[in-house]
Amino acid sequence: MNAFLRNIWVVLLLFPLCLQAQNQKLTVSGYIKDTKNGEGLIGASVFIKELMTGTTTNTYGFYSLTVPKGNYTLVVSSVGYRKSIREIKLTEQSVSLNLELQEDGQELEEVVVKAKREDDNVKSMEMSVNKVEMKTIKKIPALLGEVDLVRAIQFLPGVTTVGEGASGFNVRGGGVDQNLILLDDAPVYNSSHLFGFFSVFNPDAVKDVKLIKGGVPAQYGGRASSILDVKMKEGNAKKLEINGGIGVIFSRLSIEAPIVKDKASFIVAARRSYIDILAKPFLTGNNAGASFNFYDLTAKVNYNIDNKNTVFLSGYFGRDVFGQDFGFNWGNSTLSGRWNHVFSDKLFLNTTAFYSNYDYSLDSDLKNKRPNNAFKWSSNITNLSIKPDFTYYISPNNTLTFGGQVLTYSFKPGSATATSEGEARSFGQERKNGIESSIYVGDEWKVSPKFSVQYGLRFSRYDYSSQEDFYYQRKYVGISAEFPSGYDLTFVPNTKGNTIQTYQNLEPRFSMNYNTGDNSSIKASYNRLAQYVHLMSNTAASTPLDVWTSSTNNIKPQIADQVALGYFQNFGDNTYEASAEVFYKEMQNQIDYADRADLFLNPYFEKDLLFGKGRAYGLELFVKKNRGKLTGWISYTLQRSEKKIDALNNGNWYFSRYDRTHTLNMLAQYEINKKWSFGANFAYITGVPYTLPEQQFVVEGQVYPYIPAGTRGNFRVPAYHRLDISATKKNKKALFGKGESEWVFSVYNLYNRRNPFSIYTRPNESTPAQTEAVQLSIIGSFVPAVTYNFKF
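Note that this note's numbering numbers the sequence shown so that position 96 is 407, with each residue one more than the last.
Structure follows, in C-alpha cells:
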C-alpha cells in the first residue's frame, strides 16, 4: 500500500476518536422505522417543538439531535405516516430512542417518497435532485405493462435518451457512461435488459430512488454527469410477505420475511422473461431451439446485532441471452456488504465493501456443430472496493461527513479466438488495471433560519497499469488514409503491474439555500467531478457490445465543472411544488472518433481517438401536484449539448449526439375510488443530430457519399412524441383468497406513432447511382398489455 493510501486510513481512523471527545451537550438519537415491515425510513423529520429545531434521518433511518439540557416534546413525522409525539427528558444523560411510525390510511395519493418531508424541496440543501417512490413508478404506463425504473426517470427534467432500444439514459447533455448507477453502493455498468427496453432493477426489491444531476455531495465521485442511487429493500422484519406479477413478457416473484423477528430479515426477488417459451411452438427448421430471454435475481439479508451494530449483505445477478447457433449474452453481477456502527450518539459509520462485474460474450458455435471453424469474443470490467463513510452530528445546525474509498478496476476491453480449419488464433486487447483512491470531507451548516450552506472537498487519485510487456505513446504523424486521426503509436517497454500513469484531482463542492419565505427559496451550487473510466462507442446509441476502458497515459480523465441556480416554490399548503433551474457545464478531455475508427478488438484503438472539450447548458422547469385524486407533474427542458474537437468540423463547436433542444414530459395519475385508478403520460423530444452526406461521387456506377468538412451534425432526426395510458383495477383478494391483487391494463404509444430511431443512406434499388435516406423505427405501432400483480 503506497504512502497516499496509508495516509487515508490514518486520517479515517484517528478523526472519529478526536470527534468523540467533543461531546458536551446531551443528545437524543436512534432509528425511525416503519411499524408495518421494520424498514428504516429515509429523510423522516425529527423535530423538537420547544427549540423549533430538528433534523432528518439518514439512508438507514438513523437520526441524532444534540441540544441543551431540558425537557422537550419530540415530534417525528413523515409523509404518508401518522405523527409520533414523545416527551423526552435530557437532564442527566443522553437518550437513545427508537420509534416506529404507522402508515396513515387516509393519505393514499402522495407521489413523493414516503419518508420525505412535504417542504423538503424548499427547505433542504438539495437541488438538481429528483426522488420518485416506487409506488409512483408502478403507476406509470409502461411498455408491455412492465414497471421500469430507468424509463420512469426519463420523465424528469434534464433526463433524455437517444431513442427506444438504446441502453441507459443521458443527463444534462452528458453521455451514458457519465452516469454512476449504484445498487446498494455497487456500480452497475449496463442498466438495461432486452437492448434498452427494460431496466435491470426489480421494482419489488427497490426501496428508494434518487437521481442527483448537480450540487453533488462530496461523498460521490467517479462520473461526470449524474448519480442514480438505488437502495434495495431490507426485507420485512415483522412477517412473511410475497409480491409478484404475471405479465405479457415476463413474470416476477419476491419473498421477504423475518429470520429473527425485529432483528434479522431477508428478501429474494426474481424475474424471468418467457418470449422464447411462448414462441417455441412457432419456431421450426433453422430457428428451432433459438434462445432469447433475460432473467435476474436480487437478494438481501440484514441482521441487527444490537443498537450499535447492523450488518447487511445484498447481491444482484442478471443476464440477457440471445442466440441459436450463434450466441450473444451479457449481464451484471454485484455483491455488497455493509456494516453500520454507532460510535456514539453523535457519530455514525457506514462501511461498504463491494464486488461488481459486467461482461458480455459472443460465440459463433454454441452447439459445437463447427468446432474447426468458430469465433469467440469476450469482454468485462470488474471492481472491488472498500468505502467507509462517517457522519458526525455536531449540532442540529451542523452536520459533518467524511470518509474515503479505494476502488480497483480490472478491464478486459476485448479478446477473441478465431478457429479456422482447426487452427486457432487469439487477438484483441490486453487487460488493463487501475486503482481509484479518494478521500472527502463535507459540512452542512445552517447559518441562520434563512440561510444554509453545504461545502466539501474531494481528492481523487488514479493509478493506471497494464498487463502488457509494453505500453503505447501517441505521436502526431499527420492525417492520411492510414492515420485518419493523425496519430500513430510508439511502444515503450513495460514491467507488468507497474504504474504507467497517475492522475490526481481536487474536486470542490458547494451548495447554498436562501429561504425567501415560508414556502420559497433560492438555491445555487457548484461541483467539479472527475471520471477515470470511458465507454468506447462510435454508434448513435450505446449497445451491450461497447467497450469500457481505463484512463491511460493517452486517455486523460474526463473533468466536469457545473454551476446551477434555481428557484423553488410550494403552493396550496405544499400540495403543489414548482422549480426553475438553469445550469452550465464545461467538460474537459471529451472523446470523439476519427473517420473509420476501429474500436472493437483493436489493440491500438487509442490512436483513433480524438480529444477536445464539451459544454452543456439549459433551463429546467418542473411543476408537481402531490396530493388529491389527481397527481402528477409537468417538466420542460430547454438544453444545448456541444463538443469542440480541433480535428473535427473545422475546429468549430458542433452538436453532440445527446443534444435535445426541447423536452416536454407530462405525467398524470387519477384515482377515481379505492377500486379504479388511471394513468397517462406524454413525451415530446426534439430529434437528435445526425451527420448525413450532402454530396456524392459516382465512379463506374458505384456511389461514394461525401461529407464536406464543417458539416458535422448537419441533420436532425424528426421529433419523438408518444402517449401512453393505463387503468388499474384493485381486487379485494389475491391468490388463494388472501392478500391483495390488481389488474393493470395499458397501451404504449397509443396513437401509433412511428418514432424514428436513426436515419441512414443507401443506394436506391431502382437507380443504384442515386441514394435515398431511410428512417429506422424500433417500435412502429401501439402496444397493448395486461399485467396481474399480487401481494399477500
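Where a beta carbon is used, it is the ideal one built from N, C-alpha and C, also for glycine. Being a predicted model, the structure only gives us computed values, none of them experimental.
What residue range does the alpha helix (DSSP H) around residue i cover?
| i | result |
| --- | --- |
| Asn432 | 431 to 434 |
Give me the Cα-Cα distance between residue i and residue j, rounded to the nearest whole angstrom.
| i | j | result |
| --- | --- | --- |
| Arg534 | Asn865 | 19 Å |
| Gly525 | Asn683 | 54 Å |
| Ser861 | His845 | 6 Å |
| Ser763 | Gly929 | 25 Å |
| Pro327 | Met543 | Here Pro327 scores only 49 on pLDDT, less than 50, and its place in the model should not be relied on; the value that follows carries that caveat. Rounded to whole angstroms, Pro327 to Met543 spans 28 Å at the Cα level. |
| Gly341 | Ala453 | 39 Å |
| Arg385 | Asp884 | Here the sequence assigns Leu to residue 385, which means Arg is not the residue at that position. Roughly 23 Å between the two C-alpha positions. |
| Trp641 | Phe603 | 12 Å |
| Leu337 | Thr377 | 6 Å |
| Phe512 | Val458 | 9 Å |
| Gly365 | Leu352 | 16 Å |
| Ser254 | Leu910 | The first residue shown for the chain is 312 and the last is 1103, placing residue 254 beyond what the model contains. |
| Val423 | Gly797 | Low confidence applies here, because Val423 scores a pLDDT of 38, under 50, leaving its location unreliable; read the following figure in that light. So the two alpha carbons sit approximately 52 Å from each other. |
| Ile746 | Arg785 | 23 Å |
| Lys425 | Val390 | Low local confidence applies: a pLDDT of 37 at Lys425 is under 50, so the model's placement there is unreliable, and no value is given. |
| Pro795 | Phe916 | 12 Å |
| Pro855 | Ser737 | 22 Å |
| Leu401 | Gly629 | 50 Å |
| Gly558 | Leu408 | 44 Å |
| Tyr965 | Glu897 | 14 Å |
| Leu840 | Pro528 | 10 Å |
| Thr1039 | Pro1095 | 14 Å |
| Arg926 | Phe358 | 43 Å |
| Tyr383 | Gln950 | 50 Å |
| Arg393 | Leu410 | 12 Å |
| Thr710 | Ser356 | 15 Å |
For the beta strand (DSSP E) holding residue i, just list the boundary residues, first then last.
| i | result |
| --- | --- |
| Leu846 | 844 to 847 |
| Gln716 | 709 to 731 |
| Gln1081 | Per DSSP, Gln1081 belongs to no beta strand (DSSP E) and is neither H nor E. |
| Ala664 | 658 to 674 |
| Gly391 | Unbroken run through Gly391: none, as it is neither H nor E. |
| Ser1069 | 1069 to 1074 |
| Arg736 | 734 to 740 |
| Pro804 | 798 to 804 |
| Asp519 | 517 to 523 |
| Thr346 | Where Thr346 is concerned, there is no enclosing beta strand (DSSP E), given that its DSSP letter is neither H nor E. |
| Pro1095 | 1094 to 1102 |
| Leu505 | Counting along the chain, Leu505 falls outside any beta strand (DSSP E), and DSSP gives it neither H nor E. |
| Ile1018 | Premise fails: Ile1018 is in no beta strand (DSSP E) and is neither H nor E. |
| Gly753 | 743 to 757 |
| Glu411 | 410 to 412 |
| Phe373 | 373 to 378 |
Taking DSSP's pairing of strands, which residues face residue i in a bridge?
| i | result |
| --- | --- |
| Phe879 | Ser832, Ser890 |
| Trp859 | Leu846 |
| Gly990 | Gln980, Ser1037 |
| Trp964 | DSSP lists no partner for Trp964. |
| Lys955 | Lys924 |
| Phe1056 | Ala1038, Val1097 |
| Ala355 | Looking at the DSSP assignment, Ala355 forms no beta bridge with any residue, so it has no partner. |
| Val511 | DSSP output for Val511 lists no bridge partner at all. |
| Asp774 | Ile746, Thr813 |
| Val788 | DSSP output for Val788 lists no bridge partner at all. |
Should residue i be labelled buried (16 or more other beta-carbon atoms within 10 Å of its own) or exposed?
| i | result |
| --- | --- |
| Met363 | exposed |
| Arg649 | buried |
| Glu793 | exposed |
| Tyr775 | buried |
| Pro804 | exposed |
| Glu545 | buried |
| Gly1091 | exposed |
| Arg907 | exposed |
| Lys761 | exposed |
| Trp987 | exposed |
| His504 | buried |
| Phe605 | buried |
| Thr1098 | buried |
Please tell me whether, using a cut-off of 7 Å, the distance from the CB of residue i to the nearest non-hydrogen atom of the ligand GDP is below it.
| i | result |
| --- | --- |
| Tyr392 | Ligands displayed in this structure: none; no statement on the ligand GDP is therefore possible. |
Jot down the residue ranges of each uninterrupted beta strand (DSSP E) in the region 436 to 503, minimum 3 residues, whole runs only, in chain order. Counting only runs that start and end inside the region 436 to 503, the beta strand (DSSP E) elements of at least 3 residues fall at 440 to 442, 490 to 494.
Segments of 3+ residues assigned as beta strand (DSSP E) that fall wholly inside the region 526 to 597: Note on the region 526 to 597: whole beta strand (DSSP E) runs with a minimum of 3 residues are 537 to 543, 552 to 557, 561 to 571, 575 to 584, in chain order.
Completely contained beta strand (DSSP E) runs for the region 617 to 662, where each covers 3 or more residues: Listed in chain order, the complete beta strand (DSSP E) runs (minimum 3 residues) inside the region 617 to 662 are 620 to 634, 638 to 653.
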